[in-house]
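Numbering (this note's numbering), first residue to last: 222 to 1139. Just so you know, even glycine gets a beta-carbon here, dropped at the ideal spot from N, CA and C.
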């Protein structure tokens, strides 16, 4: 809806009184208890409070002493009120800060449809804004970059790269059509004097558009701040319509830089809410990544800087980075050979500004006070105010139509009844007598009613009618005018009576006119939690100096332990059963106690099981136990034994998938001892807490422990789920259950275009959005695929088993169109004919009878030479017979001796004494 603007119809300046400042009463209250925090670095307004003066001599000014008592009593509160109300926080009515409102008002004063130099606009605004031109220029550039209210020309900077705009003398701007349509109407505007009292400026603009939520706002005042994130204008208008129709609506931010957004904890923009904004990272090749969209508040320069810092600290590995941003963002990241793109993407999110956390804080000025509201409440207020403003516009318009109808009716009566020819009218001595006669003649007419009472001003207009107009008066045209005005007035009354529908129509018109250019740029999704220790690159090497009692990454000539990262923790287990968790450092003293195990430590790892046999005290019995070590405090000494003094571990293994071995225990010969050798199976030992004592093994002296047989995992396979929302695997039952995976199992991925490949079941894997099938890889499963050769126009069928390969391959071959695929062993397909063969009945084909099993790279067999319009899968009519399980061969015994108790941790570390002495 277009609104007529009136640039010069301001109220008389003499009717306004300047706003007075009461030093004892601030707009925010009479105390500073509702303000907290440090004052912003803004010049304090001058006070005119006079200092107390006391005379110390008789009438001599030089001897007067000026006291500072109470001089600062109200300064801070007045200063805080000024910053909050007049600088930093937007007004809820129009969504603008004072400087923005003054800029738009100044631009409207000389709006003529042409572009104007920014320097000229800044100069015009300084008549209303009490601060320097730099702040006005910066605010205007921000308005121009947001692009809703201001149309720009020239170099206005780049929100993607952070480049600044050119000087104000080189760039130009004008109000946008949207601003002219929804932001101005002098008849609806409340005015106040400018800071110097020489001009008038609006208290707030009559905005009929949710500008605050569309543009967003950010400001830091004294004791509080405001941070409102931008939202999509199209979604705001749709939500406004939903609110007017009493329907539910939900609003989420939409950032100009695009990116990905997790708004699960947005909390309607209230304080305490949290947003996660991520860059959009795409794979271009095996070792090339491209950042095509940025997180909110970041530029390509700041993003590249954070990536380089993470690379320098060894958290990620990159080879080269280039900024190729132009109209759209494009940061190219080249990776070194052997570096995983999946792991690097996670590392970018975990250690750089590719993922940022945002905290909304929707603070606005309402009724002269700061108020914290949610975005839905802000939108509802704007919609209610828009409806009120549109009603006021209709009332103004109805008043104008009523005046026009009355004026036309009086004019016709005046002319048709020749009142101007009356002797009393012609001989009237003054205007009052003439108007009195006209009123008497009009009121004396019978059966005539008017749309409103006649005022003196209405009668004065009749005196201004010229004789030429009277002579040209045409009754037919006059009646046509009356009908037109009456019709429009009735329409206005109808809109007033149905103001809600009228407001909905207003928003629908805006959607129709501008909606296409307001497509959402930020993708709403849900992020999985990235554990830094799992994605950080292991760029360091951990060493241990057993003699000196040191461990660290700088001990290059010491014993190598494992690859690690700067943020890793390490676990150290001593022969006496004590252990501790400590952070990786360059060099750290850990004591000269005999270390039997050292390795990287992962918190909350319940699948790493520690198997051990220890002796209680110097001559006590032996106990066996299995336990896991999850989260504990750093650098605190814990004990795997029962804590008895002089206890020691005699056998130890660390098993990363819960393996349980069988050991052969040889006892020291004693008189009358019949059993000297026996076996112990760790599978029979339950996994319990690390502080439990364990099960008794023997009270006799153990001479030797040897590994008899390595065991499998007692924890079973790892159960894996796939969360399609975040396109990630997980082990905590989120999403669709895929299956239980053993260590060597693989995952099969099928994409929409027919691309297939296998991968491991690591949580760090990334999957494309077009991945239509993800399951446990089964090398024995037979697949049937139907595809179309676009060059020949024929349909082909082939049967094959998937190959275990990491490089993607197309099931249907390069250049062909995948029609369908099936893993049903006796899959059947129905061929539906068309064209000249449209009358031909459907032909059924069973894949197993039609073609034998071949390689995935085979071309397959043509289904038919006739014209086909579709191939569809049908239910099978036979099924494969169940296969009896094969007998398992007995595992051969494998007795191994371990030379000594000391050693480093590996994938399955086994450490024990060859000879255990007193």
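### Query
With C-beta atoms as the reference, is residue 961 less than 8 Å away from residue 925?
no
### Query
Helix or strand or just coil, what does DSSP make of residue 729?
helix
### Query
In angstroms, rounded to a whole number, what distance separates the CA positions of residue 990 and residue 745?
14 Å
### Query
Between residue 783 and residue 762, what straight-line distance do the alpha-carbon atoms span, to the nearest angstrom?
6 Å
### Query
Under three-state DSSP, which class holds residue 1058?
helix
### Query
From residue 923 to residue 810, what distance separates their C-alpha atoms?
33 Å
### Candidates 717, 849, 616, 396: closest to residue 409 by CA position
616
### Task
Report yes or no: do three or more beta-carbon pairs, one from the stretch 339-348 and one from the stretch 318-329, lie closer than 8 Å?
yes
### Query
Would DSSP call residue 500 helix, strand or coil?
Looking at residue 500 - three-state DSSP - the assignment turns out to be coil, as it is neither helix nor strand.
### Query
Does the pairing of the stretch 822-839 with the stretch 875-886 give three or more beta-carbon distances under 8 Å?
Three or more beta-carbon pairs separated by less than 8 Å link the stretch 822-839 to the stretch 875-886, which places the two stretches in contact.
#### Entry: Inter-residue spacing [alpha-carbon to alpha-carbon] between residue 1023 and residue 485
The straight-line gap from Cα to Cα measures roughly 39 Å.
### Query
Going by the CB atoms, is the gap between residue 1009 and residue 1153 shorter than 8 Å?
Only positions 222 to 1139 of the chain appear in this structure, which leaves residue 1153 out of reach.
### Task
With a floor of 3 residues, list each beta strand (DSSP E) that falls wholly inside the stretch 1041-1096, ordered by position along the chain.
1049-1054, 1064-1067, 1089-1095
### Query
Between the stretch 517-528 and the stretch 602-609, do three or more beta carbon pairs fall short of 8 Å?
When Cβ pairs closer than 8 Å are counted between the two stretches, the stretch 517-528 is seen not to touch the stretch 602-609, the count staying below three.
### Inter-residue spacing [alpha-carbon to alpha-carbon] between residue 395 and residue 726
Using only the alpha carbons, I get a separation of about 27 Å.
### Query
Would you say residue 819 and residue 788 are within 8 Å of each other, going by their C-beta atoms?
no
### Task
May I ask you to report which of helix, strand or coil DSSP gives residue 314?
coil
### Query
When the Cα atoms are used, what is the spatial distance from residue 807 to residue 798?
26 Å
### Contact set for residue 896: own chain, Cβ-Cβ below 8 Å, skip 5 residues either direction
Answer for residue 896: 888, listed in chain order.
### Query
Leaving out the 5 sequence neighbours to the left and right, which residues in its chain are closer than 8 Å to residue 186 when beta-carbon positions are compared?
As shown, the chain starts at 222 and ends at 1139. That puts residue 186 outside it, with no answer to give.
### Task
Would you mind working out which of 443, 457, 415 sits nearest residue 435, comparing C-alpha positions?
Measuring C-alpha to C-alpha distances from residue 435 to each of 443, 457, 415 identifies 457 as the nearest.
### Message
Just to check my reading of the structure: residue 318 and residue 437 have Cβ atoms closer than 8 Å, yes? What is that Cβ distance to the nearest angstrom?
### Response
Actually they do not touch by this definition, with Cβ atoms about 12 Å apart.
### Task
Label residue 303 either buried or exposed according to how many other C-beta atoms from any shown protein chain fall within 10 Å of its C-beta, with 16 as the threshold for buried.
buried
### Task
Determine the closest residue to residue 768 out of 686, 945, 815, with distance taken between C-alpha atoms.
815
### Query
Which one or two residues does DSSP pair with residue 596 in a beta bridge?
Bridge partners of residue 596: none, in fact.
### Message
Rounded to the nearest angstrom, what separates residue 491 and residue 986 at their Cα positions?
### Response
35 Å
### Query
Of all the options 988, 1000, 994, 1050, which has the alpha carbon lying nearest to the alpha carbon of residue 1017?
1050
### Query
How many angstroms separate the CA atom of residue 585 from the CA atom of residue 495?
19 Å
### Query
So what does DSSP say about residue 478, is it helix, strand or coil?
coil
### Query
Comparing alpha-carbon positions, which option in 1101, 403, 380, 1045 lies nearest residue 363?
Check the Cα spacing between residue 363 and each of 1101, 403, 380, 1045: the tightest is with 380.
### Message
Quick check: the Cα distance between residue 489 and residue 596, rounded to an integer number of angstroms?
### Response
6 Å
### Task
Identify which residue in 412, 610, 427 has its Cα closest to the Cα of residue 420.
412
### Query
Taking just the CA atoms, how far does residue 580 sit from residue 504?
30 Å
### Residues sharing a beta bridge with residue 783, DSSP
In DSSP, residue 783 forms a bridge with 763.
### Message
Buried or exposed for residue 867, going by 16 or more other Cβ atoms inside 10 Å?
### Response
exposed
### Task
Check each candidate in 630, 1057, 658 and name the one with the smallest Cα separation from residue 669.
630
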